[in-house]
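First the structure, in the form of C-alpha cells, and then the observations on it.
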Amino acid sequence: MHKQAWDEIEKLYSLPHIDPATITKFKKLKRAQISHTKGEGNLHHYCSFFLPYDQAKNKIYLGFHKKADDWIPPGGHIEKGETPSEAAVREMWEELKVKIDKTFLLPWNLSVKPIGREGAGCLTHYDVWHLVNIKEQAFDYLKKEYYAAGWFSLEESHHKITKNPDFAKIISGLS
640 MHKQAWDEIE KLYSLPHIDP ATITKFKKLK RAQISHTKGE GNLHHYCSFF LPYDQAKNKI
700 YLGFHKKADD WIPPGGHIEK GETPSEAAVR EMWEELKVKI DKTFLLPWNL SVKPIGREGA
760 GCLTHYDVWH LVNIKEQAFD YLKKEYYAAG WFSLEESHHK ITKNPDFAKI ISGLS
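Take 640 as the starting number for the sequence shown in the working numbering and just add one per residue.
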C-alpha cells in the first residue's frame, strides 16, 4: 500500500472507540507484508466497508450478501494504488450505482474478520469502515452480490445481522 492509504488508516488509530487489539493487528499486517491487496495475491488483505447512513432518520443500509450469507454493509476489496476512501467511492458506484465523492465519507472504524476461503484468495479481511452521510433513497444494488438490500433502523439492523456479531457491535456504535 502506498503512503496516502496508510495515512488514511493510521488516522483512525486516534479514534477513542477503535479497539486497541484491532489496531495492533493492523500494525502487524503492515510490518509483515510489503503489499496488502487481494489483487497482489495476499490472502490477508485490506477491504473497505461503506455504511450508508441517514442520520436524520437514524437508518442504515444493509445488503443480504450471498457469500457472507448475512446482512452486512456494502463494501469490497481495496485495489492496488487505492486508498480506503477511494475504494469506498468506487464500491458505492459498483454496488449501489450512486456517485459520491470523498466529502460524503466519514472514516469511522476498523475490524479484522477471518474469512477462511483460501481457494478464493481470502483468509482475513482487514476492514476500514466509512459512514456515508446520505439521505434514504432506493439504491440499485448489485444483484449478483446481494439477495436483497434495504434501509433499516439501528434496532432492526441488530436483528438482521445474525452471523457477524462483530459487525453488529460496530454498527451499535451509532446509537
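Note that the Cβ used here is the ideal one computed from N, Cα and C, for glycine as well.
Taking 8 Å as the cut-off, the beta carbon of residue 780 is found no closer than this to the beta carbon of residue 715. Going by DSSP, residue 769 is part of no alpha helix (DSSP H) but of the beta strand (DSSP E) stretching over 761 to 772. Of the residues 656, 699, 655 and 765, the one whose Cα lies closest to the Cα of residue 672 is 765. Take the alpha-carbon of residue 752 and the one of residue 763: they are about 6 Å apart.
In the DSSP secondary-structure assignment, residue 777 is not bridged to any residue.
Put simply, the segment 733 to 745 does not touch the segment 802 to 813. Fewer than three CB pairs are less than 8 Å apart. Residue 656: not part of any beta strand (DSSP E); DSSP gives it neither H nor E. CA-to-CA, the gap between residue 693 and residue 724 works out to about 19 Å.
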